[in-house]
Structure formats: C-alpha cells, structure tokens
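Below is one structure, written out as structure tokens; the observations come after it.
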Amino acid sequence: MSASAAIAAHYPVTWLARLASVIAKHPSYNLFQLATVEDTIPRVRTVVHRAFLKPETLNPLLLVTTDVRMPKSAQIADNDNVELAWYIEPTMEQFRIFGKASLVPHPKHTARGASDLPTDVDWAAERANIFNTVSGAIRASWCRPTPGSKLDEPEVAWPTHLPRLTDLDGADEVTREQTQRAFENFALLVISPLSVDYVELKPVPNLRTKFEFREGEWTATPLVP
Numbered sequence: 001m002s003a004s005a006a007i008a009a010h011y012p013v014t015w016l017a018r019l020a021s022v023i024a025k026h027p028s029y030n031l032f033q034l035a036t037v038e039d040t041i042p043r044v045r046t047v048v049h050r051a052f053l054k055p056e057t058l059n060p061l062l063l064v065t066t067d068v069r070m071p072k073s074a075q076i077a078d079n080d081n082v083e084l085a086w087y088i089e090p091t092m093e094q095f096r097i098f099g100k101a102s103l104v105p106h107p108k109h110t111a112r113g114a115s116d117l118p119t120d121v122d123w124a125a126e127r128a129n130i131f132n133t134v135s136g137a138i139r140a141s142w143c144r145p146t147p148g149s150k151l152d153e154p155e156v157a158w159p160t161h162l163p164r165l166t167d168l169d170g171a172d173e174v175t176r177e178q179t180q181r182a183f184e185n186f187a188l189l190v191i192s193p194l195s196v197d198y199v200e201l202k203p204v205p206n207l208r209t210k211f212e213f214r215e216g217e218w219t220a221t222p223l224v225p
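Quick note on numbering: the sequence shown equals residues 1 to 225 in our numbering.
Put into structure tokens, the structure is as follows:
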C-alpha cells in the first residue's frame with residue numbers, strides 16, 4: 001500500500017486525507033497564512049503547521065504554536081473565528097479553511113484557554129510534547145521580551161537555544177529559568193475546521209470543491225473555479 005493510500009485509509013475526511021498526503025510528499029510546504037479578527041479589522045500572519053490531531057475522526061484538528069503574549073492570542077480569546085490559506089506549489093492545490101480556534105496555554109494563562117476542546121485529549125501532555133519537539137531556537141524565541149514591544153536594549157543578548165524539558169537535568173540555573181519562562185509563554189493554537197474551499201489548479205479546467213461540516217457529517221459540493 002502506498003503512503004497516500006495508507007493515509008486515505010486512516011483519514012475518513014476526504015480533504016484532510018488529500019492535504020496530509022500532499023504534506024507528507026512535500027514536507028517543506030508546512031507554512032500557511034492564518035487570519036484572525038481584531039474588532040472588525042482582519043489580522044494575518046504566516047504560521048507553521050505542527051501536527052494533525054484526531055485525523056482518524058470526523059472532527060480533525062490542526063495544531064500550530066504561538067506565544068501567549070502575541071496579539072493573536074487576545075484576538076482569538078475575543079473572537080474564535082479564523083481562516084487560513086494553505087497553498088502547495090508543487091501540486092498547485094489550495095486549501096482555504098474556516099474554523100474555530102482555541103488556545104492551550106500554560107495554567108497561569110487559563111483565562112485565555114478554551115473550554116470547548118475535546119476532553120479525550122491530554123492537552124497538558126500534548127503541549128509539553130510539542131514544546132519538546134520544536135527546535136531549541138524556537139523554544140528560545142518564547143523567552144524573549146514581549147513580541148512586538150519596543151526594542152529598548154538591542155545589545156542585550158537573548159538565549160539562542162534552549163533545551164527540551166526532558167533535558168534540564170544538569171542544566172545551570174539560568175538555563176532552567178529561561179526554559180521555564182519559555183514554557184510559560186508557549187501555547188498551542190488548535191483549529192477545528194468547519195468548512196474547506198479546495199482548489200486544484202493543475203487540471204484544466206481547474207477543479208473546486210466546497211467541504212462543509214454540518215450535523216456531524218462532511219458534505220462536498222463542486223463549485224465553479
């Protein structure tokens with residue numbers, strides 16, 4: 001069985017099976033643009049896809065990471081509607097995904113967390129696992145001053161690499177404190193898709209399909225590209 005067939009067999013949601021298959025073949029295309037809303041103003045940025053969670057269900061989740069001090073954390077706490085655009089250049093496919101976003105922060109930031117996340121996931125363990133999975137440079141970025149704040153002391157040396165939580169034995173006190181601070185600032189951003197506008201630009205004529213999650217089922221409607 002090919003990798004694509006194996007993914008399709010375990011991912012019952014058609015669009016997710018295709019997206020996961022494409023990402024498996026082209027892992028460098030793991031960036032997408034995520035839009036949130038601040039009052040009535042759209043805010044967009046590029047984020048890194050970290051994982052699919054519960055892909056074997058009809059309610060798959062997309063995981064990305066963030067600094068809880070980032071503006072998007074407050075934006076999602078106020079308005080959990082988000083949309084992302086994910087273009088895979090080698091296959092000329094675009095996935096535009098609308099859904100609801102939730103934050104999984106450190107317990108000290110529970111006011112910004114969400115209460116409607118699936119209860120069958122150990123979110124504390126998942127957050128620690130993703131923190132340990134990313135690079136040491138990424139972990140160090142969560143130890144910096146608040147992102148977007150004024151840079152008053154550019155000569156100050158920030159850490160450039162921090163260890164995994166599981167590698168802190170024997171670390172010096174400064175490294176342990178910095179890693180703990182980074183872990184406190186780190187949050188999972190969980191996206192629960194509700195609709196997907198999927199465009200295939202390689203076929204001629206192009207193909208476009210709208211997937212929508214309603215009453216516990218996904219429907220697919222062909223659209224004019």
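Just so you know, even glycine gets a beta-carbon here, dropped at the ideal spot from N, CA and C.
Handout entry: Closest residue to residue 198 among 14, 176, 178 and 94 (Cα-Cα distance)
Key = The sequence position of residue 198 within the sequence shown is 198, counting from 1. For residue 198, the closest alpha carbon among the candidates 14, 176, 178 and 94 is that of 94.
Exercise for the section: Indicate whether the contact test is met: 3 or more Cβ pairs, each with one atom in the region 28 to 41 and one in the region 149 to 166, closer than 8 Å. Expected result: In short, these stretches do not touch, since the Cβ pair count stays below three.
Practice task
With distances taken Cα to Cα, identify the nearest neighbour of residue 176 among 161, 187, 190 and 21.
Solution key: Your numbering for residue 176 matches position 176 in the sequence shown. Of the candidates 161, 187, 190 and 21, the one whose C-alpha sits nearest the C-alpha of residue 176 is 161.
Handout entry: Rounded straight-line distance, which links the Cα of residue 170 to that of residue 43
Key = Counting from one through the sequence shown, the residue named residue 43 turns up at place 43. Counting from one through the sequence shown, the residue named residue 170 turns up at place 170. If I take the Cα positions, the gap works out to 42 Å.
Handout entry: Span of the beta strand (DSSP E), counted from its first residue to its last, around residue 100
Key = Taking the first residue of the sequence shown as 1, we reach residue 100 at position 100. Under the DSSP assignment, residue 100 falls in the beta strand (DSSP E) whose first and last residues are 93 to 104.
Problem - Start and end residues, beta strand (DSSP E) containing residue 72 - result: Looking up residue 72 in the sequence shown gives position 72. For residue 72, there is no enclosing beta strand (DSSP E); the residue is found in the alpha helix (DSSP H) stretching over 71 to 78.
Exercise for the section: Kindly indicate the opening and closing residues of the beta strand (DSSP E) around residue 65. Expected result: Residue numbering aside, residue 65 sits at position 65 when the sequence shown is read from its first letter. If you look at residue 65, you'll find it in the beta strand (DSSP E) that goes 61 to 67.
Practice task
Just mark residue 83 as buried or exposed, buried being the case when its beta carbon has 16 or more other beta carbons within 10 Å.
Solution key: Residue numbering aside, residue 83 sits at position 83 when the sequence shown is read from its first letter. The residue in question, residue 83, is buried, as its Cβ has 16 or more Cβ neighbours within 10 Å.
Problem - Delimiting residues of the beta strand (DSSP E) encompassing residue 202 - result: Locating residue 202 in the sequence shown gives position 202, counting from the first residue. According to the DSSP assignment, residue 202 belongs to no beta strand (DSSP E), since it is labelled neither H nor E.
Practice task
Please say whether residue 97 and residue 196 have beta carbons closer to each other than 8 Å?
Solution key: As a working note, residue 196 is residue 196 in the sequence shown. As a working note, residue 97 is residue 97 in the sequence shown. Against a cut-off of 8 Å, the Cβ pair of residue 97 and residue 196 comes out as a contact.
Exercise for the section: Please work out which residues of its chain come closer than 8 Å, Cβ to Cβ, to residue 117, disregarding the five sequence neighbours upstream and downstream, and give them in chain order. Expected result: Residue 117 sits at position 117 when you count from the first residue of the sequence shown. If the five residues before and after residue 117 are omitted, its C-beta is found closer than 8 Å to the C-beta atoms of 102, 104, 123 and 190, all from its own chain and listed in chain order.
Exercise for the section: May I ask which residues mark the beginning and end of the beta strand (DSSP E) holding residue 223? Expected result: Your numbering for residue 223 matches position 223 in the sequence shown. Residues 217 to 223.
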